[in-house]
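> In my numbering, the protein residues as written are 91 to 258. Don't be surprised by glycine CBs; every beta carbon is placed ideally from N, CA and C. My questions all concern the structure below.
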């Protein structure tokens with residue numbers, strides 16, 4: 091009996107080492123806004139999309155939520171933050187690269203980042219090397235970046251999906 095237990099120890103150690111550490115980063119552009127002013131709230135469609143985001147990610151095991159200082163990004167993730175009783179951490183839009191470097195250091199967590207049509211594509215590029223575009227009237231994209239770390243190194247995988255009502 092003792093000998094069979096000892097044989098399983100190396101296999102267990104190998105499984106732990108191979109499993110590594112996986113981080114999921116859910117990147118979304120803010121939902122539809124009320125108007126073209128500097129810091130508008132969400133429109134009715136945007137509020138519905140924010141609820142759809144909550145419904146889509148509620149069971150995903152989200153650990154942290156990030157948004158820019160603008161109310162449209164914060165309002166996009168507010169229903170999810172409220173449902174999870176998680177605070178929204180504000181990050182600056184002028185430091186996208188530095189912000190990405192900071193979230194790359196988060197290990198083994200699932201996080202949501204709400205940004206803008208000009209910042210989310212940069213984040214995807216910095217995280218995965220993949221190029222994506224967000225059209226001016228496109229609000230339904232959900233970019234899921236899986237960062238996996240193991241003894242063999244780091245790798246990333248991008249999954250692009252949608253949530254809520256289709257964008258026009």
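Can you check which of these residues, 251, 229 and 199, is closest to residue 139 by C-alpha distance?
For residue 139, the closest of 251, 229 and 199 by C-alpha to C-alpha distance is 229.
> Please go through the same chain and pick out, in chain order, the residues whose beta-carbon is closer than 8 angstroms to the beta-carbon of residue 104, but skip the five residues on each side of it.
Residue confidence is low: residue 104 scores 49 on pLDDT, short of 50, so the model does not pin down where it sits. No coordinate-derived value is stated.
> Flag residue 146 as yes if its beta-carbon sits less than 8 angstroms from any beta-carbon of chain C, otherwise no.
Among the chains in the structure shown there is no chain C, since it carries only a single protein chain.
> So which of 194, 144, 161 and 188 has the shortest CA-CA distance to residue 175?
Ranked by Cα distance from residue 175, the first of 194, 144, 161 and 188 is 144.
> Return the CA-CA distance between residue 255 and residue 123, expressed in angstroms with no decimal places.
15 angstroms
> Where do the ends of the alpha helix (DSSP H) carrying residue 186 lie?
In the DSSP assignment, residue 186 falls within the unbroken alpha helix (DSSP H) covering 186-194.
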